[in-house]
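Each remark here refers to the structure printed beneath this line.
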Amino acid sequence: MSKEPVAVIGVGQTKHVAARRDVSIAGLVREAARRALDDAELTWADIDAVVIGKAPDFFEGVMMPELYLADALGAVGKPMMRVHTAGSVGGSTALVAASLVAARVHGTVLTLAFEKQSESNAMWGLSLPIPFQQPLLAGAGGFFAPHVRAYMRRSGAPDTVGSLVAYKNRRNALKNPYAHLHEHDITLEKVQASPMLWDPIRYSETCPSSDGACAMVLTDRAGAARAPRPAAWMHGGAMRSEPTLFAGKDCVSPRAGRDCAADVYRQAGIADPRRDIDAVEMYVPFSWYEPMWLENLGFAAEGEGWKLTESGVTELDGDLPVDMSGGVLSTNPIGASGMIRFAEAALQVRGLAGEHQVDGARRVLGHAYGGGSQFFAMWLVGAEPPTS
Amino acid sequence: MNREIAVVAFAQTDHRRTSDESSEVEMLMPVLHEVLARTGLKTADIGFTCSGSSDYLAGRAFSFTLALDGVGAWPPISESHVEMDGAWALYEAWVKLQTGDADTALVYSYGKSSPGSVRDVLTRQLDPYYVAPLWPDSVALAALQAQALIDAGRTDEPALAAVGARSRADAETNPHAQLRGSVSQGEYLVRPLRTGDCPPIGDGAAAVILAAGERARDLCERPAWIRGIDHRIEAHGIGVRDLTDSPSTRLAAERAGAFERPVDTAELHAPFSSQEIVLREALRLDDGVRVNPSGGALAANPVMAAGLIRIGEAAARIHRGESDRALAHATSGPCLQQNLVAVLEGDPR
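Structure (structure tokens):
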């Protein structure tokens, strides 16, 4: 028996900022959910189930906050699930919600991910001491910087590639009204002159700490037929996980990422991702991850990803635009960041991405990763319903 | 929808007050090995893996990532995690199998309550602005529910004591239970609940394997077919709820088909004796139904795993031929806020 096709008919985001002191956690998530419902021209009563995701509960200091958020998300009397798969969680959450539709358990599902980082300090929330384990330094940058250095050594990429990614993404963010960082006076020189945080990662090459939420309304064929605006159709979706650290792990290009992409491409009938995919919303928390993931996802041969970045292929008007929204480098409410990638991919194929719309985007990949480069979640959405 | 999916194997730890000498991974590993051994499957044979646990119990962020090392996720696996009781991880796996993307699933969950004060920890689940600052603990909230039941004339203290006594007597034959045999009803912990009305605090883990269709018949002599499974949540504020009723349990049971035919067994996740009273009524269980033959959560309550254990225990009775149609229930949140119901059946004998 074939799966029910899954359509995205509503997308909503908050304006991401450093601190939303004007709203509670409930107020924040409700704002995004309300906008997704408005986009789909639906009401709370049209929703059959709610699937919510976020990163560690310590980031807000609320244990299993979905219990308290049931009322704000109109979930009372409905099924409500809470997903947590580290940084990939926003993507995984969308995929769990999509499964409910694909399996015909529910017709229309609201999925939402959020982080209100201003409630605590995420860097130290990530740095709790673990007995008998090596401390992973302070924050995520300390963990990932050696992997970036390994990539630079392996590929022979020039030192400047990271700054090109940051400069591009921050300029893209200027075209996205929901992006957190709007640096109107950004220049490449400023990025390259910013302080070194975790060599080789400079301050301007790291993601901000944001408060924000992102929501989507997913529905079946019948729901899509009633939708007032074009739908984005899911053509493939997958999750893959591997252990954090083990002998032989490729930290630069983890196999779980390659396997996950291969699974998505197989489902979507993508033979050559570079040719068949029009744009990518990629999870790039540190600038160098753009060339690294370009290789991991099969858009470039090993050691060649940086050449796409350097030659402008990934620019908004390039041949394969990456992070048109400004990406994680411009907006990072951690738990929501993966879902924002998925939702921005959907907006592109719906033709509703506004100023950062890529002309003629028909097939776009949304990508998320988390943990120690070990959890991957991806989906490929298209402007047309899947044929098989 | 409606692919035939069954629980084909179940394993659990011996639940204990403390497990200081082992990490969560070390506690979980033997259970994973046991559940795989029961089916002869290896990690690489499993189509989908899903787990449930809580960072707040572990006391650190991303605690589930280390558990993944215990699974042996290499080559990389298709895997997900819920910050919920393992019963919901099983639900996610059931959905995944319904899509046809996988034919087998490994589900596990674990929780160590011993490192902290679980009564205090669970207060962090409450509305962070208006309720959590008051630190009302899980026993105090359950006591409000018990008092509401007594005030409504639906139970009394001797009836509550009988629930606890029956549970621990039944647990005599459950080698994994933490509290067994004759247990004193004790002093009031929070009036009207005495220690005997409350669950033991302990550590434990559990794992289940699901399989679809013929695969299930290959892996298990008498699979426990999931005929229906559903879960529902209620409002968070206990002031807006009728604590003597559980409409979410009733609705989930209806959706799971529990009322279509009587069940012979019910494994209820009722950590407090008073909650069994609420659940029995919501589920319309009469005296002919064998309730919590394992001893239930009053005999062992490893938080985050206790709900999955109810499904596992109900399935194991079907595997052993001791039940033909069983109901399993899991709960989460204060005073039964969120509830899951599964109906399991064995093939006719």
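Taken in sequence, the protein lines are chains A and B.
Taking numbering that gives the first Met the number 0, I'd label the letters of the first sequence as residues 0 to 387.
Taking numbering that gives the first Met the number 0, I'd label the letters of the second sequence as residues 0 to 348.
For every residue, glycine included, the Cβ atom is placed at its ideal position computed from N, Cα and C.
Treat the numbers as computed from the prediction; the structure is a model and nothing was measured.
Residue i: buried (16+ other C-beta within 10 angstroms of its C-beta) or exposed?
i         : result
Asp-44/B  : exposed
Ala-44/A  : exposed
Lys-167/A : buried
Gly-359/A : exposed
Leu-99/A  : buried
Lys-14/A  : exposed
Met-0/B   : Note that Met-0/B scores a pLDDT of 49, beneath 50, so its modelled location is shaky; the value from the coordinates is reported in the next line. Counting Cβ neighbours within 10 Å, Met-0/B comes out exposed, since fewer than 16 surround it.
Glu-266/B : buried
Ser-137/B : buried
Val-321/A : buried
Glu-343/A : buried
Glu-233/B : buried
Arg-260/B : exposed
His-105/A : buried
Gly-215/A : Residue identity differs from the one stated: residue 215/A is Met in this sequence, not Gly. Counting Cβ neighbours within 10 Å, Met-215/A comes out buried, since at least 16 surround it.
Asp-19/B  : exposed
Met-195/A : exposed
Trp-134/B : exposed
Hey, quick one: how far does the beta strand (DSSP E) through residue i stretch, first residue to last?
i         : result
Asn-171/A : Where Asn-171/A is concerned, there is no enclosing beta strand (DSSP E), although the alpha helix (DSSP H) it sits in stretches over 160 to 172.
Trp-93/B  : Per DSSP, Trp-93/B belongs to no beta strand (DSSP E); it is in the alpha helix (DSSP H), 85 to 98.
Asp-70/A  : Looking at the DSSP string, Asp-70/A is not in any beta strand (DSSP E), and its letter there is neither H nor E.
Trp-197/A : 195 to 197
Gln-11/B  : 4 to 11
Thr-264/B : 264 to 266
Ser-108/B : 103 to 111
Glu-354/A : Element bounds for Glu-354/A: n/a, residue is neither H nor E.
Cys-49/B  : 47 to 51
Val-16/A  : Val-16/A -> no beta strand (DSSP E), and no H or E assigned at all.
Lys-115/A : 107 to 115
Val-50/A  : 48 to 52
Val-340/B : 337 to 344
Considering only heavy atoms of the ligand SAH, does any lie closer than 7 Å to the CB of residue i?
i         : result
Lys-189/A : With respect to the ligand SAH, the structure shown offers nothing to examine, as it has no ligands at all.
What distance in whole Å lies between the Cβ atoms of residue j and residue i, which are believed to be in contact at a cut-off of 8 Å?
i         : j         : result
Pro-78/A  : Ala-48/A  : 4 Å
Met-62/A  : Arg-123/B : 4 Å
His-230/B : Thr-84/A  : Rounded, the Cβ-Cβ distance is 20 Å, inconsistent with contact.
Trp-87/B  : Gly-51/B  : 6 Å
His-328/B : His-268/B : 5 Å
Tyr-368/A : Gly-256/A : 7 Å
Ala-206/B : Val-30/B  : 5 Å
Asp-202/B : Pro-301/B : 6 Å
Tyr-264/A : Gly-235/A : 7 Å
How would you list, in chain order, the residues of chain B whose beta-carbon sits under 7 Å from the beta-carbon of residue i?
i         : result
Ala-74/A  : Ile-232
Gly-370/A : Phe-61, Thr-64
Ser-91/A  : Ser-79
Ile-333/A : Within 7 Å Cβ-Cβ: nothing; Ile-333/A doesn't reach chain B, min ~11 Å.
Starting from residue i, find everything on chain A with Cβ-Cβ shorter than 7 Å and list it in chain order.
i         : result
Tyr-55/B  : Asp-56, Met-62
Ala-72/B  : Ser-240, Glu-241, Pro-242
Gly-201/B : Under the 7 Å cutoff, chain A gives no residues; its nearest Cβ is about 19 Å from Gly-201/B.
Gln-177/B : None at all; the shortest Cβ gap to chain A is about 23 Å.
Gln-144/B : In chain order: nothing, as chain A lies at least about 16 Å away.
Between which two residues does the alpha helix (DSSP H) containing residue i stretch?
i         : result
Met-26/B  : 23 to 38
Met-291/A : 288 to 295
Cys-259/A : 254 to 267
Gly-365/A : Note, Gly-365/A: premise wrong, no alpha helix (DSSP H); beta strand (DSSP E) at 362 to 369.
Trp-305/A : 304 to 309
Using the beta-carbon of each residue, which ones in chain A are nearer than 8 Å to residue i?
i         : result
Thr-98/B  : Lys-2, Ser-98, Ala-101, Ala-102
Ser-331/B : Met-63, Leu-66
Leu-250/B : Gly-76
Please list the partners that residue i has in chain B, where partner means a Cβ-to-Cβ separation under 9 Å.
i         : result
Phe-245/A : Asp-68, Trp-73
Ser-286/A : Here the premise fails: no neighbours, minimum Cβ distance about 24 Å.
Arg-81/A  : Val-81, Glu-82, Met-83, Trp-87
Check the Cβ of residue i against every Cβ in chain A and list those closer than 9 Å, keeping chain order.
i        : result
Lys-95/B : Val-95, Ser-98, Ala-102
Applying a beta-carbon distance threshold of less than 8 Å, which residues of chain B neighbour residue i?
i         : result
Asp-70/A  : Ala-234, His-235, Gly-236
Thr-386/A : None at all; the shortest Cβ gap to chain B is about 18 Å.
Thr-330/A : Simply none; closest approach about 21 Å.
Ala-85/A  : Phe-61, Thr-64
Just by C-beta distance, which residues in the segment 113 to 135 of chain B are closer than 8 Å to chain A? Per Cβ criterion, the list reads Val-120, Leu-121, Arg-123, Gln-124, Leu-125, Asp-126, Pro-127, Tyr-128, Ala-131.
Beta carbons nearer than 9 Å to chain B: which residues of the segment 55 to 67 of chain A have them? Within the segment 55 to 67 of chain A, the qualifying residues are Pro-55, Asp-56, Phe-57, Phe-58, Glu-59, Gly-60, Val-61, Met-62, Met-63, Pro-64, Glu-65, Leu-66, Tyr-67.
Please list the residues of the segment 99 to 126 of chain A that have a C-beta atom closer than 9 Å to any C-beta atom in chain B, keeping them in chain order. For the segment 99 to 126 of chain A, residues whose beta-carbon sits nearer than 9 Å to a beta-carbon of chain B comprise Leu-99, Ala-101, Ala-102, Arg-103, Val-104, Glu-118, Gly-124, Leu-125, Ser-126.
Could you name the residues of the segment 253 to 268 of chain A whose beta carbon sits closer than 7 Å to any beta carbon of chain B, in the order they occur along the chain? Here the close residues are Arg-254, Ala-255, Asp-258.
Residues in the segment 8 to 28 of chain A with C-beta within 8 Å of chain B's C-beta atoms, listed in sequence order? The segment 8 to 28 of chain A vs chain B, Cβ under 8 Å: Ser-23, Ile-24.
Pull out every residue of the segment 221 to 239 of chain A whose Cβ sits closer than 9 Å to any Cβ of chain B, in chain order. Going along the segment 221 to 239 of chain A in chain order, one finds Ala-237, Met-238, Arg-239 with a Cβ nearer than 9 Å to chain B.
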